[in-house]
Amino acid sequence: MDLTLVDPGAPGPSGGTIYNDRLAAALGDAGHRVTMILVRGDWPNASAHHHRVLAAALRDVPAGSVVLVDGLMASAAPEAVRAAVDAGVIVWVLLHLPLPAETGLSEAEQTALAASEEAALRHATGVICTSNWAREDLQRRYRLNRVYAVPPGTEPAEIAAGSSQEGSPHLLMLGSLTPRKNHSVVLAALGDLVDLPWTASLVGGPLDGAHATGLRELAGKLPPGRVSFPGVLQGPALDADWARTDLLLLPSVAETFGMVVTEGLARGIPGVVGRGTGAVEALTGGTAANDDDNLPGAVLDPSDPDRLSELLRTWLTDAALRQSWRTAALRRRDTLPTWATTATTLLKIIDL
């Protein structure tokens, strides 16, 4: 099968770009030809020029071809999606996060984005999202029928040593420095734990924005050396931070999956995630989130820094709990799907 994947070519790594790249690679490994088309722009707020480029890219695909379009673009360009489908192109929208779910939007902006997104998704042949939670969320938002879950795979990784050899327990947050990721709640919780040994790294960017500046001001109230902001890490530098990590934190207010959670589990690292988000599915593998004895971590209200502080204090001071979470993470490590599984799932859906 020949497929075209239209990607926004966003600068820096993100869950969406990593998913797209690894899915394309897995499809190629399975013997399918994947053409990647980059349509750069400030999506979903791209200029009229970039909208024309996207429309042309979809228009130039031969009728009957299968195209996957990243939702960051497709949801902002319903007319381009409609025109392509009317021309006989099979257009699947690959939706990583509903546009109105981003934080910091006014009510008017949310309404406008929702209207644009709903129109695009209704015009499309179908919608691919990254978890069952995300599928149910989209069906609830827009009452769509052709929505399917294709969860991300994981790549093999070495088990993290963490602080098992020496040093203080190390906590990792990995993601963009944006309000949706909820770093401020983590910093507030850590502020109540300065009597205990720990370090934390908040990996991601951008570091030059107003939000990042505010976060660093909050971290500056903690003892020196406790919290670091290394920026965007990739390759060996990111591997090194993973290797020293004991616990992943992802108390986001909105996540459709949370690939960093399964990336942590692939290393035997448990996680703490926000209730009511797709990250719960990533952590639990679809089991009941209230089965605390078997969870590789915990699920909590992302708006409650006191509860997070209480939970982290228990984890930092209870060796049995740390071992229980670690054992559960190692158990989940052996059951994580591969990207080949993701590719196979997608192919079965788009061949319907």
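Each residue of the sequence shown is one higher than the one before, counting from 35 in our numbering.
All C-beta atoms in this analysis are idealised placements derived from N, C-alpha and C, irrespective of residue type, glycine included.
- Using a 10 angstroms sphere on the CB of residue 134, the tally of other CB atoms reaches 16 or more, which defines it as buried.
- By the 16-neighbour rule on beta-carbons within 10 angstroms, residue 72 is exposed.
- About 6 Å separates the beta carbons of residue 228 and residue 257, which is inside the 8 Å limit, making them a contact pair.
- By the neighbour-count criterion, in which a residue is buried when 16 or more other Cβ atoms sit within 10 angstroms of its Cβ, residue 304 is buried.
- Boundaries of the beta strand (DSSP E) harbouring residue 281: 281 to 284, taken from the DSSP string.
- At a cut-off of 3 residues, the continuous stretches assigned as beta strand (DSSP E) that sit fully inside the stretch 224 to 277 are 233 to 237, 261 to 265.
- Around residue 94, the same chain offers no residue with a beta carbon nearer than 6 Å, after the five sequence neighbours per side are excluded.
- The continuous stretches of alpha helix (DSSP H) do not include residue 126, which lies in the beta strand (DSSP E) extending over residues 124 to 129.
- By the neighbour-count definition (other C-beta atoms within 10 Å, threshold 16), residue 281 is a buried residue.
- Listed as beta-bridge partners of residue 38 by DSSP are 69, 101.
- Beyond the five residues adjoining it in sequence on each side, residue 121 comes within less than 7 Å, by CB distance, of 93, 97 in the same chain, given in chain order.
- In this structure, the CA atom of residue 62 is about 43 Å from the CA atom of residue 232.
- By the Cβ criterion, the stretch 107 to 127 is in contact with the stretch 137 to 156, since at least three pairs of Cβ atoms, one from each stretch, lie closer than 8 Å.
- Taking a contact as a CB-CB distance under 8 Å, the pair residue 367 and residue 300 counts as one, their CB atoms being some 6 Å apart.
- For residue 294, the enclosing alpha helix (DSSP H) covers residues 293 to 299.
- Rounded to the nearest whole angstrom, the C-alpha separation of residue 344 and residue 337 is 14 Å.
- In the structure shown, residue 370 adopts coil according to DSSP, grouped into three states.
- Assignment of beta-bridge partners to residue 183 by DSSP yields 163.
- Secondary structure at residue 305: strand, using DSSP grouped into helix, strand and coil.
- Judged by DSSP secondary structure, residue 194 falls outside any beta strand (DSSP E); it is assigned neither H nor E.
- Taking the CA atoms as reference points, residue 174 sits about 37 Å from residue 250.
- Considering only 382, 42, 52, the residue with the shortest C-alpha distance to residue 292 is 52.
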